[in-house]
Structure formats: structure tokens, C-alpha cells
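A.B. asks: Here it is, the structure, as C-alpha cells.
Number of protein chains: 2
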Amino acid sequence: MTSLDGQGSVSQKNGGLSRIQERNRSLILDAALSEFSRKGFSGATVERIAAEAGMSKSNLLYYFSSKEAIYKATLAHILEVWLAPLKTLDAEGEPARELAAYIRQKIQMSADYPEASRLFANEVMQGAPQILPILEGELKRLVEEKAQVIETWIETGRMQRTDPVHLIFTIWATTQHYADFSIQVKALTGRDLNDPVFFEDTVASVTGLVLNGVGLTVPQDGGA
Amino acid sequence: MTSLDGQGSVSQKNGGLSRIQERNRSLILDAALSEFSRKGFSGATVERIAAEAGMSKSNLLYYFSSKEAIYKATLAHILEVWLAPLKTLDAEGEPARELAAYIRQKIQMSADYPEASRLFANEVMQGAPQILPILEGELKRLVEEKAQVIETWIETGRMQRTDPVHLIFTIWATTQHYADFSIQVKALTGRDLNDPVFFEDTVASVTGLVLNGVGLTVPQDGGA
DNA sequence: TTGCATCTTGACCATTTGGTCAAATTACTC
DNA sequence: GAGTAATTTGACCAAATGGTCAAGATGCAA
Chain A
40 MTSLDGQGSV
50 SQKNGGLSRI
60 QERNRSLILD
70 AALSEFSRKG
80 FSGATVERIA
90 AEAGMSKSNL
100 LYYFSSKEAI
110 YKATLAHILE
120 VWLAPLKTLD
130 AEGEPARELA
140 AYIRQKIQMS
150 ADYPEASRLF
160 ANEVMQGAPQ
170 ILPILEGELK
180 RLVEEKAQVI
190 ETWIETGRMQ
200 RTDPVHLIFT
210 IWATTQHYAD
220 FSIQVKALTG
230 RDLNDPVFFE
240 DTVASVTGLV
250 LNGVGLTVPQ
260 DGGA
Chain B
40 MTSLDGQGSV
50 SQKNGGLSRI
60 QERNRSLILD
70 AALSEFSRKG
80 FSGATVERIA
90 AEAGMSKSNL
100 LYYFSSKEAI
110 YKATLAHILE
120 VWLAPLKTLD
130 AEGEPARELA
140 AYIRQKIQMS
150 ADYPEASRLF
160 ANEVMQGAPQ
170 ILPILEGELK
180 RLVEEKAQVI
190 ETWIETGRMQ
200 RTDPVHLIFT
210 IWATTQHYAD
220 FSIQVKALTG
230 RDLNDPVFFE
240 DTVASVTGLV
250 LNGVGLTVPQ
260 DGGA
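Note that the protein sequences, when read in sequence, are chains A and B.
The first sequence begins at 40 in the numbering used here and counts up one residue at a time.
The second sequence begins at 40 in the numbering used here and counts up one residue at a time.
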């Protein structure tokens, strides 16, 4: 998992964490996600994270040795769940169903974890100072693997010819847009993904566009 | 144009600016765009902006009364050019050509002004503290107008039924993705929009996806 | 209860940074 | 060229902030 963990100064004899440690680390990471996603790395303050986690700044720094360590740990904490949906894309499945399901999952992520989406967007926009190695390593391999899945669908005539990587980018961009730009979406439509009707509208619209875009028909259940 | 101008303390008898003022304000705004887009509002420092503009911090603050004033002026400075492409969408034109041309223009913007794209993305992701009124006012009206154009195309059978606003969001999201996430795009593909081949690949891919997605055929020239 | 390790905190420090101000320099007008 | 307005800067200040540290509070095992 690279050196993105950012362990604090705490060292237990056994490998595990005490109940107090587990609880406080969790509180800190939750607060940090909220703060970093709203203010960015520079705009966030250790003091506010500590306050939101319900402890003193000093105590927070007992668990994480520095602001950067908290930041790295926060990124690492949500990285796995964030990349999970793409991993489910199954070469054996039917292209239309697989893509529809992927799109729905991604929009669900935008609805459930908008802060995580914004945190990553922020990190990448600043030049990915922390996660560049992951983008170039783990993520690159994953994308190449899934691009190959799509390529195979195309070669076996199950789907129209498209650049698989651009297709993945399009799905990422459109689905994450509703999290990262939710204020703008709200300003222009009066709604966001918390509204179940708007959520389904969005899923239908994006799914329809992308699937039609690659010559597929949206499955009955829309990927639900 | 709202109160986003952020005038400094300089006041001339006549309405215009002196040659020195014009030059220095321009230098400052260029430097500010570079700095704010890379570091965000909080991460940017007045000192660095001044250095990049080739003057002392004190002198910069002679032209703009505060960091926030520089920021507002920077946003205002690029807002018009940023919203221009959408305005060209012409109800009288052929849907496929109009959309293809719009997509190409937007990708060209991402190639030419990636900093502007990132600046806006940053601003909106932080909750649009400065430009929310513009989103809710000017932009909302513009989007409603253009959504109506698309709606008319649909009603006259020139294009498949789609939610026009989601279609606009999709175009924004996909095209701006290549500017905002260019580091990620580069990490995964080894290329970016500066590469003419990659640029055309991207235009072709996004245009194909979106136009096919709404039941249109990509025009010969791809919207060039 | 005792003793030790873990946990928590307030006081404190050094640095960064946005902004002020008076003085100096430069540009321009008559 | 004198005089006035515009421009430029270094010195300085106050607030914010990341991080340290010693001391105290708490949990826990024997």
C-alpha cells in the first residue's frame, strides 16, 4: 500500500491498536476527511480537525505526527473503497449490464461519499503530490486491465469501436462531476444526488448517453 | 458583472488606467491565475504572486487591496472567456455540427487554459464562495436558454430525447476532465492535450460518444 | 491499592503570512 | 527644470498556525 500510511508516534507492543486508539484514529480520520475535502490541504487546520474530532490539537498530534501524516492517512483510508467499483467490471458479463452497473455504482459513490470525491479531485488538481505513485502504479495497471476487457468486447463484436481509456475517463468525469460540482449542479437545477428522483434521473441520463454512445442498449433495470 | 471586480485603491481622475497600471494589473492577474490554480486560494501566497509578477508584495498590494481582491479579480478576468463557448450554441444550426463544434471548443479551452479550468473547479469545489451569485444568475439563465435550444431540437425530431441539462453537464465534465485531471490523464496514458495526436483522439472520442449518445452522427470535419 | 503505560492537555515557540506605513524614487505636467 | 502626482519598496506588525514539551489524568494489570 506504499508509504501513504502516515503512522503516528504510537507504538504498541502487539501489532493491534487499543480500543482508545482505534476509536480516536477513526474520529480523526472522519474529521480530517470533512475538513480536507472542504478546505483543501492548505486551507485545512489541525486545530479544526481536532475540534471536530472532539479532542485537543496536542492529542491529535499524539496520534498523527503531522498535518501531512493525517492527510496521507486520510487519502489511504478511502483509496480502496474509491477504486473498488472499477474492479467489479467483469469480462464475462454482458457489456451493457456491466457498464450500466459500473456507472450506477460510481454515481452512488458520488452520492454517498462526495467528500472523498472532492478530496481526490483536490489532490489530483494540485499535481497529485501524494498519490502520483499510486496513479502510475496500481491505478495504471487496473485501468490497463479493464481497458483490455472493453477491448475484448469490441473485438468480439459485442460493442462498438471506442477508445476504452477515453470511455473510462468519460465515466469517471461524468459521474464524479455530480459530487465535485454539486454546488453548481444545485445552483443550476435546484437539486442534488440526495434527491432520489434526481439521482435516478442522473443515472438514467448518464447511462443512456454512455451506452448509446458505444452502441449499446440500456438494460431493463438500468444496472440497478 | 456583479461586484467581483475587486478594485484596488488606485483611483484615476479619468476612468481609464495609466499605461503602468494596465501593465502591472495584467502581470499580477497572470501571476495570480498561475498561483491560485496551482495552490488554491489558501495555498497561494501574495508574496509568490508578487515575485512571479516581478514586483514587491507592497507594490502588488498597491494595485489590489487584499489577497481576496486579487482572487476575485482573477475569477472575473477569465469568467467571460470561460463561458463564451456555450454562448455560440446556435438554435438555427444543425444539432450534430453545433454540438461537435461546442465540444471541440471546450476541449480547446482545456488545452489552452488549463489553469482557468482548475481555478474554477477549485472555486466551485470549495462551495463557490465568490461566484455562487453568478452561477445562480447569469449562468443559470444561459444554461436555461441553451437547454431550450436543445429541447427544441428534440421536439422537432432532429435529435433523440435526452435531458438537455444533463447533456450539458456531461459535456462540461468530460471536456474539463482533461484539464483538471491532466496529471492523472498523463499518468495513465503518458499524454496530454498538448500532444496534437492525443488532442484529436480526445476530440474524436468525446464527440463520438456524446453525439452517438443522443442519436446523432459525427459530421465529416468533427466540428473543426 | 500500587505501579506503570497510555492518554490528554495547556503553555509555549518559531515560522509564515496578510497587510500597513512612511519614506524614497520615478513619471509627468506646466 | 520645478513641482506634483503616481509608483515602488523595505521595515514592521499582528494574527494564524504547525508543532514541541513537560506535567497531569486516566486506564489497567497484578
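For every residue, glycine included, the Cβ atom is placed at its ideal position computed from N, Cα and C.
Using a C-beta to C-beta distance shorter than 7 Å, which residues of chain A count as neighbours of B:R157?
C.D. replies: For the purposes of this step, residue 157 of chain B is identified with residue 118 of the second sequence, where counting begins at 1. Those are M164, listed as they occur along chain A.
A.B. asks: Write down the C-beta distance between A:L174 and B:A226 rounded to the nearest angstrom, noting that I regard them as a contact closer than 8 Å.
C.D. replies: Numbered from its first residue, the first sequence carries residue 174 of chain A at position 135. Numbered from its first residue, the second sequence carries residue 226 of chain B at position 187. That pair is a contact at about 4 Å.
A.B. asks: Please report the straight-line C-alpha distance between B:E137 and B:G254, rounded to a whole angstrom.
C.D. replies: Residue mapping note: residue 137 of chain B aligns to position 98 of the second sequence, counting from 1. Residue mapping note: residue 254 of chain B aligns to position 215 of the second sequence, counting from 1. Approximately 14 Å between the Cα atoms of the pair.
A.B. asks: Closest Cβ-Cβ distance between B:T246 and chain A: below 7 Å?
C.D. replies: For the purposes of this step, residue 246 of chain B is taken as the residue at position 207 of the second sequence. Chain A, which has no Cβ nearer than 7 Å to the Cβ of B:T246, makes this no.
A.B. asks: I need the straight-line Cα distance from A:Q60 to A:F103, nearest angstrom please.
C.D. replies: The count along the first sequence starts at 1 and reaches residue 60 of chain A at position 21. The count along the first sequence starts at 1 and reaches residue 103 of chain A at position 64. So the alpha carbons of these two residues sit roughly 11 Å apart.
A.B. asks: To the nearest whole angstrom, what separates the beta carbons of B:P258 and B:A139, a pair I think is in contact under 8 Å?
C.D. replies: Within the second sequence, numbered from 1, the residue matching residue 258 of chain B stands at position 219. Within the second sequence, numbered from 1, the residue matching residue 139 of chain B stands at position 100. Going by Cβ atoms, the distance from B:P258 to B:A139 rounds to 6 Å, so yes, they are a contact pair.
A.B. asks: Rounded to whole angstroms, what's the CA-CA distance from A:L56 to A:F80? Just pull it up for me.
C.D. replies: Working through the first sequence from its first residue, we reach residue 56 of chain A at position 17. Working through the first sequence from its first residue, we reach residue 80 of chain A at position 41. Using only the alpha carbons, I get a separation of about 27 Å.
A.B. asks: Express the C-alpha separation of B:L158 and A:D44 in angstroms, rounding to a whole number.
C.D. replies: Counted from its first residue, the first sequence places residue 44 of chain A at position 5. Counted from its first residue, the second sequence places residue 158 of chain B at position 119. Per-residue confidence for A:D44 stands at a pLDDT of 41, beneath the threshold of 50, marking its modelled position as unreliable; no derived number is given.
A.B. asks: Hey, out of A:V182, A:G132, A:S95, whose CA is closest to A:I210's CA?
C.D. replies: Translated into the one-based positions of the first sequence, residue 210 of chain A becomes position 171. Answer by Cα proximity: A:V182.
A.B. asks: Closest Cβ-Cβ distance between A:V257 and chain B: below 7 Å?
C.D. replies: Counting from one through the first sequence, the residue named residue 257 of chain A turns up at place 218. No, A:V257 does not count as interfacial toward chain B.
A.B. asks: Any Cβ of chain B within less than 7 Å of the Cβ of A:T113?
C.D. replies: The residue you call residue 113 of chain A lines up with position 74 of the first sequence. Not closer than 7 Å to any Cβ of chain B, the Cβ of A:T113 fails to qualify, so no.
A.B. asks: Roughly how far, in whole angstroms, is the beta-carbon of A:A108 from the beta-carbon of B:Q223, given that I think they are within contact range, below 8 Å?
C.D. replies: Your numbering for residue 108 of chain A matches position 69 in the first sequence. Your numbering for residue 223 of chain B matches position 184 in the second sequence. Not really, about 24 Å apart at Cβ, beyond 8 Å.
A.B. asks: On the CB-based measure, 16 or more other CB atoms within 10 Å of its CB, does B:E131 come out buried or exposed?
C.D. replies: Taking the first residue of the second sequence as 1, we reach residue 131 of chain B at position 92. That one is exposed.
A.B. asks: Would you say B:V236 faces chain A, with C-beta separation under 7 Å as the test?
C.D. replies: Position 197 of the second sequence, counted from the start, is the residue given in the question as residue 236 of chain B. Chain A contact via Cβ: absent.
A.B. asks: Mind listing the chain A neighbours of B:I222? Cutoff is C-beta to C-beta under 9 Å, in chain order.
C.D. replies: Locating residue 222 of chain B in the second sequence gives position 183, where the first residue counts as 1. Those are V163, M164, Q165, G166, A167, L171, L174, listed as they occur along chain A.
A.B. asks: Can you tell me which of the three DSSP states B:M164 falls into?
C.D. replies: Position 125 of the second sequence, counting from 1, holds the residue named residue 164 of chain B. Of the three classes helix, strand and coil, the one that applies to B:M164 here is helix, per DSSP.
A.B. asks: Would B:L125 and B:K185 qualify as a contact pair, given that the criterion is a beta-carbon distance under 7 Å?
C.D. replies: What you label residue 125 of chain B is simply residue 86 of the second sequence in a count that begins at 1. What you label residue 185 of chain B is simply residue 146 of the second sequence in a count that begins at 1. Yes, the pair counts as a contact, with Cβ atoms nearer than the cut-off.
A.B. asks: Using the Cα positions of A:I67 and A:E119, report the straight-line distance between them to the nearest angstrom.
C.D. replies: Mapped onto the first sequence, residue 67 of chain A falls at position 28. Mapped onto the first sequence, residue 119 of chain A falls at position 80. Cα to Cα, the separation comes out at about 18 Å.
A.B. asks: At what residue ranges does the stretch 215-242 of chain A contain a whole run of the alpha helix (DSSP H), taking only runs of 4 or more?
C.D. replies: For the stretch 215-242 of chain A, whole alpha helix (DSSP H) runs of length 4 or above, ordered along the chain, are 221-228.
A.B. asks: Give me, in chain order, the residues of the same chain whose beta-carbon lies closer than 6 Å to that of A:K96; leave out the 5 immediate sequence neighbours on both sides.
C.D. replies: As a first step, residue 96 of chain A is located in the first sequence; it is residue number 57 there, counting from the start. Once the five neighbours on either side are set aside, the close Cβ partners of A:K96 are V85, E86, A89.
A.B. asks: Measuring straight from C-alpha to C-alpha, what distance separates A:P172 and B:T228?
C.D. replies: The sequence position of residue 172 of chain A within the first sequence is 133, counting from 1. The sequence position of residue 228 of chain B within the second sequence is 189, counting from 1. Each residue's alpha carbon lies about 14 Å from the other.
A.B. asks: For the alpha helix (DSSP H) holding A:L128, just list the boundary residues, first then last.
C.D. replies: Locating residue 128 of chain A in the first sequence gives position 89, counting from the first residue. Unbroken run through A:L128: none, as it is neither H nor E.
A.B. asks: Leaving out five residues on either side along the sequence, give the residues of the same chain with a beta carbon under 7 Å from the beta carbon of A:Q51.
C.D. replies: For the purposes of this step, residue 51 of chain A is taken as residue 12 along the first sequence, with counting starting at 1. Legend: pLDDT at A:Q51 = 40, less than 50; position of this residue unreliable, value from coordinates given subsequently. The residues are S57.
A.B. asks: Look at B:E162 and B:I170 and say whether their C-beta atoms are less than 7 Å apart.
C.D. replies: Here residue 162 of chain B corresponds to residue number 123 of the second sequence, with the count starting at 1. Here residue 170 of chain B corresponds to residue number 131 of the second sequence, with the count starting at 1. In contact: B:E162 and B:I170 (Cβ atoms closer than 7 Å).
A.B. asks: Checking 7 Å against the spacing of the C-beta atoms, do A:D231 and A:S244 come in under that value?
C.D. replies: By one-based count along the first sequence, residue 231 of chain A stands at place 192. By one-based count along the first sequence, residue 244 of chain A stands at place 205. Between A:D231 and A:S244, the C-beta spacing is not below 7 Å.
A.B. asks: Comparing the C-beta of A:H116 with each C-beta of chain B, is any distance below 7 Å?
C.D. replies: Here residue 116 of chain A corresponds to residue number 77 of the first sequence, with the count starting at 1. So, not an interface residue.
A.B. asks: Rounded to a whole number of angstroms, what is the C-alpha to C-alpha distance between B:G93 and B:S149?
C.D. replies: Within the second sequence, residue 93 of chain B is the residue found at index 54, counting from 1. Within the second sequence, residue 149 of chain B is the residue found at index 110, counting from 1. Between B:G93 and B:S149, the C-alpha separation is close to 27 Å.
A.B. asks: Assuming A:T213 and B:A212 make a contact with CB atoms under 8 Å, what is their CB distance in whole Å?
C.D. replies: On the first sequence, position 174 is the one that residue 213 of chain A refers to. On the second sequence, position 173 is the one that residue 212 of chain B refers to. Sure, about 5 Å apart at Cβ, within 8 Å.
A.B. asks: Assuming B:F80 is part of the alpha helix (DSSP H), what are its boundary residues?
C.D. replies: Taking the second sequence and counting its residues from 1, the one referred to as residue 80 of chain B is at position 41. Where B:F80 is concerned, the enclosing alpha helix (DSSP H) stretches over 58-82.
A.B. asks: Does any residue of chain A have a CB that is nearer than 7 Å to the CB of B:G252?
C.D. replies: Locating residue 252 of chain B in the second sequence gives position 213, where the first residue counts as 1. Chain A contact via Cβ: present.
A.B. asks: Looking only at C-alpha atoms, which of A:I117, A:I146, A:K106 sits nearest to A:P235?
C.D. replies: Mapped onto the first sequence, residue 235 of chain A falls at position 196. Selected option, being the one with the closest Cα: A:I146.
A.B. asks: Out of A:I189, A:L122, A:L250, state which residue places its alpha-carbon closest to the alpha-carbon of A:Y152.
C.D. replies: Along the first sequence, one-based indexing puts residue 152 of chain A at 113. Nearest of A:I189, A:L122, A:L250 to A:Y152, Cα basis: A:L122.
A.B. asks: Only counting the same chain, and skipping five residues up and downstream in sequence, which positions put a Cβ closer than 7 Å to that of A:M198?
C.D. replies: Here residue 198 of chain A refers to the residue found at position 159 when the first sequence is read from its first residue. Closer than 7 Å at Cβ, skipping near neighbours: P134, W192, V253, G254, L255.
A.B. asks: In angstroms with no decimal places, state the Cα-to-Cα distance between B:L264 and B:D69.
C.D. replies: Examination of residue 264 of chain B is not possible in this model, given that chain B is present from 40 through 263 alone.
A.B. asks: By the DSSP assignment, the alpha helix (DSSP H) with B:S104 in it spans what residues?
C.D. replies: On the second sequence, position 65 is the one that residue 104 of chain B refers to. Premise fails: B:S104 is in no alpha helix (DSSP H) and is neither H nor E.
A.B. asks: List the endpoints of the continuous alpha helix (DSSP H) containing B:T191.
C.D. replies: Locating residue 191 of chain B in the second sequence gives position 152, counting from the first residue. Counting along the chain, the alpha helix (DSSP H) containing B:T191 begins and ends at 179-194.
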